[in-house]
Amino acid sequence: MIVVDTNILAYLLLPYEYSPQADAMFKRDPDWVAPILWRSEFRNLLAGYVRRKTLTFDEVVRIQAEAEALLAGNEHEVDSRRVLELVRDSNCSAYDCEFIALAVRLSTTVVTMDGKMLREFPQYAVPLSGA
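Residue 35 is where the sequence shown starts when you use our numbering, and the numbers rise one by one after that.
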C-alpha cells in the first residue's frame with residue numbers, strides 16, 4: 035500500500051513525461067490510497083485541461099470517474115491536528131501535509147514528485163523514480 039500524491043494519479047491517467055513510471059508502479063503495487071482531498075486537487079487539475087481546451091468536458095468527466103473508481107474504498111479522512119502539526123514543523127502546505135499525515139497513520143510512504151515534500155519529509159516521501 036502506498037499513499038499517492040494527486041499528481042502521481044494524474045501521471046497514471048493522463049499523458050505526462052512520468053506516465054510510464056506511474057504505470058509501472060501501479061502494476062507493482064495497485065493498492066493506492068489518498069486523503070479525500072485528492073478529489074478536489076484532481077478536479078482542479080482537470081479544470082485546467084478544460085479551460086485550455088486540451089480535453090473536452092466529457093473526457094475530463096470520464097477521467098474523473100476512472101480516478102474515483104481506482105481509489106474507491108481507499109480514500110481516508112485525516113486528523114486535522116496532525117496535519118497542522120506537520121504544517122507547523124515544515125514549509126509544506128496543509129494540502130501536502132494531508133498526504134504525509136495519512137502515510138504516517140498507515141505506516142507507509144507517499145509517492146510524489148513534489149520537491150518540497152521530498153525535502154521536508156524524506157522519511158515518508160519518496161520520488162516516483164524511487165518507488
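No residue lacks a Cβ here, since even glycine has one placed at the ideal position from N, Cα and C.
Burial state of residue i, where buried means 16 or more other Cβ atoms lie within 10 Å
| i | result |
| --- | --- |
| N78 | exposed |
| F76 | buried |
| P69 | buried |
| L140 | exposed |
| D148 | buried |
| F91 | exposed |
| A106 | exposed |
| D130 | buried |
Residues sharing a beta bridge with residue i, DSSP
| i | result |
| --- | --- |
| H36 | The displayed chain sequence assigns Ile, not His, to residue 36. W66. |
| E109 | A68 |
Proximity of residue i and residue j at Cβ, strictly below 7 Å
| i | j | result |
| --- | --- | --- |
| A101 | L43 | yes |
| A58 | L46 | no |
| S154 | S124 | A small fix is needed here, since residue 154 is Glu in this sequence, not Ser. Result yes, Cβ atoms of E154 and S124 sit closer than 7 Å. |
Extent of the continuous beta strand (DSSP E) run through residue i
| i | result |
| --- | --- |
| A159 | 159 to 161 |
| V144 | 144 to 146 |
Unbroken alpha helix (DSSP H) run spanning residue i, endpoints
| i | result |
| --- | --- |
| Y129 | 128 to 140 |
| K150 | 149 to 154 |
task: Determine, using beta-carbon pairs with one atom in the stretch 126 to 140 and one in the stretch 109 to 117, whether at least three such pairs fall under 8 Å.
output: Using a C-beta cut-off of 8 Å, the stretch 126 to 140 makes contact with the stretch 109 to 117, since at least three inter-stretch Cβ pairs fall below that distance.
- prompt: Are three or more beta carbon pairs between the stretch 38 to 46 and the stretch 140 to 151 nearer than 8 Å?
  reply: yes
- prompt: Is it a yes or a no for the stretch 80 to 97 touching the stretch 56 to 67, going by three-plus beta-carbon pairs under 8 Å?
  reply: no
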